[in-house]
Every structure is written in structure tokens, then in C-alpha cells.
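Using the working numbering, the first residue of the sequence shown is number 3, and each one after it goes up by one.
Glycine included, every Cβ here is placed at the ideal spot set by N, Cα and C.
Keep in mind that this is a model prediction, so the values were computed, not measured.
One structure is given here, and the rest of the page talks about it.
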Amino acid sequence: MKSQGTILIADDNENNLRVLSTMLRSEGYEVRIAKNGEQVLKSVGLDKPEIILLDIHMPVMDGFETCKHLKADLNFRDIPIIFISALTETGSKVKALEMGGVDYITKPFQVEEVKVRVHTHLLLRRKTLELELTLNNIKQLQTKLIQSEKMASLGVLVAGIAHEINNPVNFVYAGINSLIKNFTQLEKGVQEVIEWIRQNKPERLDELEQIKENYAIDKRLEVIPQLAGDIKTGAIRTTEIVKGLRLFSRSENEPKTRANITESIETALLLLKNSYKNRIQIEKRYQQNLKSISCYPGQLTQAFINLIHNAIDAIPDHGTIQIEVTDIEGGISITIADNGIGMPAELLSRIYDPFFTTKAVGDGMGMGLAITHGIIEKHLGSIQVTSEVNKGTKFDIFLPSN
Ligand SMILES: Nc1ncnc2c1ncn2[C@@H]1O[C@H](COP(=O)(O)OP(=O)(O)OP(=O)(O)O)[C@@H](O)[C@H]1O
Ligand SMILES: [Mg+2]
Numbered sequence: 003m004k005s006q007g008t009i010l011i012a013d014d015n016e017n018n019l020r021v022l023s024t025m026l027r028s029e030g031y032e033v034r035i036a037k038n039g040e041q042v043l044k045s046v047g048l049d050k051p052e053i054i055l056l057d058i059h060m061p062v063m064d065g066f067e068t069c070k071h072l073k074a075d076l077n078f079r080d081i082p083i084i085f086i087s088a089l090t091e092t093g094s095k096v097k098a099l100e101m102g103g104v105d106y107i108t109k110p111f112q113v114e115e116v117k118v119r120v121h122t123h124l125l126l127r128r129k130t131l132e133l134e135l136t137l138n139n140i141k142q143l144q145t146k147l148i149q150s151e152k153m154a155s156l157g158v159l160v161a162g163i164a165h166e167i168n169n170p171v172n173f174v175y176a177g178i179n180s181l182i183k184n185f186t187q188l189e190k191g192v193q194e195v196i197e198w199i200r201q202n203k204p205e206r207l208d209e210l211e212q213i214k215e216n217y218a219i220d221k222r223l224e225v226i227p228q229l230a231g232d233i234k235t236g237a238i239r240t241t242e243i244v245k246g247l248r249l250f251s252r253s254e255n256e257p258k259t260r261a262n263i264t265e266s267i268e269t270a271l272l273l274l275k276n277s278y279k280n281r282i283q284i285e286k287r288y289q290q291n292l293k294s295i296s297c298y299p300g301q302l303t304q305a306f307i308n309l310i311h312n313a314i315d316a317i318p319d320h321g322t323i324q325i326e327v328t329d330i331e332g333g334i335s336i337t338i339a340d341n342g343i344g345m346p347a348e349l350l351s352r353i354y355d356p357f358f359t360t361k362a363v364g365d366g367m368g369m370g371l372a373i374t375h376g377i378i379e380k381h382l383g384s385i386q387v388t389s390e391v392n393k394g395t396k397f398d399i400f401l402p403s404n
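If you want it as C-alpha cells, here you go:
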């Protein structure tokens with residue numbers, strides 16, 4: 003007969019154990035037994051039962067204490083516990099239910115009653131698991147939808163802006179180069195005129211000096227090339243930003259290509275510059291001659307933006323973000339570490355959950371890491387986090403090369 007489920011019965015009374023296990027086995031359940039709380043914890047650790055029938059009065063460790071241990075453990079807190087006890091006063095019943103027990107059966111028990119209650123709670127448990135699974139699937143689907151929606155609308159906007167900026171900035175770039183060339187010639191001409199007057203009209207040198215002074219010609223000849231140089235640097239920088247924006251905007255529907263990961267990281271840093279400059283030092287250690295990997299560069303940029311953005315948010319004042327990229331066997335390893343506020347252990351298991359955030363309304367949606375996780379998964383890579391409160395957080399990412 004197919005097992006109806008695994009039940010762990012804990013009771014120090016041999017007779018109770020025998021009656022309950024015989025009855026439940028005859029109903030098709032797989033039954034394991036324990037004679038005290040310690041045995042329960044050991045047994046649960048070896049193989050997780052679907053439900054536990056737990057006596058309160060037991061030697062070594064009583065039912066309440068056992069329940070407390072189970073509820074404190076993330077892996078076991080969801081196992082339904084039915085207390086069975088000779089304690090009939092309301093106080094014990096309330097305590098048992100408050101501690102997380104799902105039901106309370108008083109001794110001497112009716113075998114039929116135990117049977118029905120076990121059956122009902124097992125059904126409830128299975129339905130709950132089903133619902134949790136469905137909810138998880140819906141959340142994951144929602145994450146994907148939000149991600150593609152976010153990327154799509156942002157992509158269109160960013161592509162538009164990049165296009166609009168590109169034309170004028172090209173004018174500036176071309177113009178400034180020609181301006182510098184023209185100015186160099188002009189400067190030569192002016193110097194020649196001055197030299198000619200010195201040689202041929204020395205009696206008018208005073209007048210020449212006066213004119214030069216009136217128009218601050220020497221000063222201007224010095225300042226103009228500096229200004230032109232600054233404008234050129236600005237234009238080059240704007241072109242880089244536009245390039246970054248374009249790379250980012252193409253990320254939705256982009257084909258898989260071979261690319262250097264550091265380009266995605268650099269684009270992310272460029273786009274976030276405003277929120278960290280003058281406040282946070284970025285220490286980069288990129289291995290020389292990194293191999294390129296097969297990837298979606300725009301989506302990786304998005305993943306790095308999310309991770310670095312979080313690191314920036316985690317540093318309240320001044321601090322450091324270290325970014326290390328290394329070639330390792332089969333792929334590339336990337337670590338992003340900050341010396342910010344860090345996270346307590348209980349938070350770590352939830353950070354990839356969609357909509358999980360500790361930030362104020364409007365500051366964070368709780369989607370950054372869920373999306374990042376999705377992107378790394380799409381690349382068949384892995385992401386791991388270690389964190390310590392008030393010390394900082396480190397994300398280790400692995401991306402395979404093909
Ligand atoms: N580097 C970090 N240091 C400290 N806490 C972090 C760090 N990265 C993530 N967290 C924690 O994980 C939570 C979830 O991060 P996630 O990026 O998914 O969402 P968010 O930053 O809150 O919002 P969103 O990214 O959607 O704007 C954050 O609210 C924060 O509590
Ligand atoms: Mg975030």
C-alpha cells in the first residue's frame with residue numbers, strides 16, 4: 003500500500019505508542035516513534051516527517067521545550083504539531099496552541115478522534131504547501147514581468163535620450179576639434195604679425211604693447227586652448243555616457259554575444275556615478291587580459307547596477323566598494339563588497355524574494371536582487387552573499403564562459 007504520509011509520534015508511554023502506531027499504520031501511514039524531545043529532534047534532523055504527535059510530559063526534554071526548538075528552526079518550523087496530553091486545564095491547551103501547535107488532544111484519547119484529526123491536519127498541510135508553491139510561482143512570474151516591463155519602458159526612454167544627445171554631442175565634438183585647429187593657426191598668425199612689427203616697425207612697438215594689453219591678448223592666447231581642451235574632455239565623456247546608455251537600452255531582446263564583463267561593470271558605475279561620487283571610493287581590481295564570455299551584456303549591466311546601487315545605499319556616509327573580477331576555471335568570478343551597514347542572518351535568506359525590502363516606501367521596491375538573481379540564473383551562473391552587521395556585505399558571482 004502506498005504510504006499516506008510520514009508521522010512522528012513522541013510519547014514516553016509504551017502503551018500509547020503501541021496503540022497510536024498500530025492504528026495509524028493500519029491507515030497506511032508510515033510511523034516513526036520517539037520517547038522524548040531529544041529523540042524527536044534527532045529523528046526530525048534525519049528525515050523530516052509530515053506531522054508530529056507530541057506528548058507534553060516526557061523525560062529529558064518535554065513537549066513544550068521540543069516545540070520551541072522546532073519552531074526556532076527555519077527548516078522544521080512548518081511541521082504541524084498536534085499535542086497529546088493528559089493536562090486538561092485550559093492553560094496548557096492555550097500555551098500549546100500559542101507555541102505554534104495546530105491542535106490539542108486530551109488523554110485518554112479516542113483512537114477514532116486521533117485518526118480524523120491527523121487526517122485533517124495532513125490535508126491542510128498539503129493544501130498549504132500547494133498554495134505556497136503556487137504563490138511562489140506567481141511571484142516569480144510577476145518578477146519576470148516587472149523586469150521585462152521595467153527594462154522595456156526604460157529601454158525605450160533611454161534609447162530616445164541617447165539618440166537625442168548623440169547628434170548635438172557629435173557637433174560639439176567635431177566643432178571643438180576644428181576650433182582647436184583654427185585657433186592654432188590663428189595664434190601662429192598673431193605671433194607672426196607681432197614679430198613682423200618688432201622687426202620692421204620698432205618705432206610702433208609701444209602702440210603694439212598697448213593694444214595687446216587692452217585686449218589681454220597674451221592671457222587669451224593662453225586660456226583659450228585650455229578651455230577648448232576642457233570642452234573636448236566633456237564631449238568625450240558625454241559620448242561615453244551615451245554609449246553606456248545605448249548598451250543598457252538594448253538589453254531587452256538583445257542577442258547573446260561574447261563580451262568583456264568589465265564593460266558592463268564600467269557602464270553600471272558610469273550610470274550610478276552621481277550617487278556615489280565624493281562620498282564612496284570605488285576600488286577596482288580587474289584581472290589583465292580577461293577572457294570574454296558568452297552573455298547578455300545589457301542585462302548584466304542591469305544586474306551590476308542593482309548590486310552596486312544596494313552597496314551605495316548601505317553606506318550611510320563615507321565608505322568603500324571593492325569590485326574584483328578574475329578569470330577562473332570555466333568562467334569569470336566577480337565580487338562586489340561594501341563596508342556598509344551589513345545584514346543580520348535572518349534577513350539573508352529573504353533578500354532574493356520579490357518585493358522584500360527594508361527600505362522606506364519610495365526608496366526601494368524590493369525587486370533589485372530578485373531581478374539580479376533571475377539574470378544570473380539565465381546565464382547559468384551563481385550568486386552568493388556573506389554579510390556582517392556594521393561590517394559590510396559581499397556578493398560573490400560566478401558566470402560561466404559559454
Ligand atoms: N549591500 C547590501 N548591504 C545591506 N543590505 C542589503 C544590501 N543589498 C541588499 N540589501 C538588503 O536586501 C534588501 C533587498 O534588496 P533589493 O535590491 O532586492 O531591494 P531594494 O534595494 O530594497 O529595492 P529596489 O532594488 O527594488 O530599489 C534591501 O532592502 C536591503 O535590506
Ligand atoms: Mg536594490
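In this structure, L26 lies near V120, with their beta-carbon atoms less than 9 Å apart. Under DSSP, the beta-bridge partners assigned to Q386 are D398. The nearest non-hydrogen atom of ligand 1 is less than 8 Å from the C-beta of H311. Annotated as proximal: L181 and A230, with beta-carbon spacing under 9 Å. Residue pairing by DSSP puts Q283 in a beta bridge opposite T322. If you draw a 10 Å sphere on the C-beta of L188, you find fewer than 16 other C-beta atoms in it, and that means exposed. Of the candidates G102, D64, A98 and K95, the residue whose Cα lies closest to the Cα of A74 is G102. Judged by DSSP in its simplified three-state form, T259 adopts strand. Boundaries of the beta strand (DSSP E) harbouring T337: G333 to D340, taken from the DSSP string. Annotated three-state conformation of E209 is helix, per DSSP. Of the other Cβ atoms in all chains shown, 16 or more fall within 10 Å of the Cβ of I58; this residue is therefore buried. Bounds of the alpha helix (DSSP H) holding D315 are P299 to A316. If you check the C-beta of Y278 against ligand 1, you find no heavy atom less than 8 Å away. The continuous beta strand (DSSP E) containing A12 extends over residues T8 to A12.
Ranking P82, A98, N77 and E32 by CA distance to the CA of D64 puts A98 first. In this structure, I107 sits away from I83, with a CB-CB distance that is not shorter than 9 Å. By the criterion of at least three beta-carbon pairs nearer than 8 Å, the region 291-305 is not in contact with the region 318-326. Between P51 and R34, the CB-CB gap stays under 9 Å. Each of T68, V42, F111 and H71 was checked against the Cα of L22, and the nearest Cα belongs to F111.
Under the three-state reduction of DSSP, R34 is assigned to strand.
Taken in chain order, the unbroken stretches of alpha helix (DSSP H) that lie wholly in the region 45-102 and span 4 residues or more are 65-74 and 92-100. Taking the C-beta atoms as reference points, T240 is found nearer than 9 Å to V171. Residue range G370 to K380 is occupied by the alpha helix (DSSP H) that includes I378. DSSP places T24 in the uninterrupted alpha helix (DSSP H) bounded by E16 to S28.
I167 and I81 have their C-alpha atoms spaced approximately 59 Å apart.
If you check the C-beta of N169 against ligand 2, you find no heavy atom less than 8 Å away. Taking all protein chains shown into account, H375 has 16 or more neighbouring C-beta atoms within 10 Å of its C-beta and is therefore buried. In this structure, K221 sits away from M369, with a CB-CB distance that is not shorter than 9 Å. A residue is called buried when at least 16 other Cβ atoms come within 10 angstroms of its Cβ; I213 does not meet this threshold and is exposed.
Rounded to the nearest whole angstrom, the C-alpha separation of V391 and T68 is 30 Å.
In this structure, DSSP gives V327 an extended state, which the three-state scheme calls strand. For D105, the enclosing beta strand (DSSP E) stretches over residues D105 to T108. Closest in alpha carbon position to I9, among D329, K117 and L133, is K117. Exclusion of D340 from the 8 Å shell around ligand 2 follows from its C-beta lying no nearer than that to any non-hydrogen atom of the ligand. Taking L125 as reference, the option from Q6, I199 and N308 with the minimal CA-CA separation is Q6. Distance from the CA of A88 to the CA of V96, rounded to the nearest whole angstrom, comes to 14 Å.
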